[in-house]
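Plus 5 on top of the position in the sequence shown (first one is 1) and you've got our numbering. Just below is one structure, and these are the notes that go with it.
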Amino acid sequence: MKTIHAVFQNDGEWFIARCLDLPVTTQGKTLAAAKKNLQEAVELYLETWGKSKKFRPAREVYLTSMEVSG
Numbered sequence: 006m007k008t009i010h011a012v013f014q015n016d017g018e019w020f021i022a023r024c025l026d027l028p029v030t031t032q033g034k035t036l037a038a039a040k041k042n043l044q045e046a047v048e049l050y051l052e053t054w055g056k057s058k059k060f061r062p063a064r065e066v067y068l069t070s071m072e073v074s075g
């Protein structure tokens, strides 16, 4: 069993799910659906690429807000 870090963002119609440890992104109409879809997508990624690419989970994840001009 592996632990992944993920971010979920509601864009109004969909929840966008991004894995912070692997290049995997998906979506779902509900938060629960997005979580389920991300779990399935990560498992498929690991089945496909797991032996050729190292799984290196982030040791620490920081989420912050920043102001930018524009």
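Note that the Cβ used here is the ideal one computed from N, Cα and C, for glycine as well.
Between residue i and residue j, what straight-line distance do the alpha-carbon atoms span, to the nearest angstrom?
i	j	result
Leu27	Gly75	30 Å
Glu18	Arg64	32 Å
Gly33	Met6	23 Å
Gly55	Ala22	20 Å
Glu76	Gln44	Residue 76 is absent from the model: the chain starts at 6 and stops at 75.
Thr31	Leu68	20 Å
Thr53	Lys40	20 Å
Leu36	Leu51	22 Å
Val29	Ser70	23 Å
So what does DSSP say about residue i, is it helix, strand or coil?
i	result
Val12	strand
Thr53	helix
Over what stretch of residues does the beta strand (DSSP E) that includes residue i continue unbroken?
i	result
Gly33	Thr30 to Gly33
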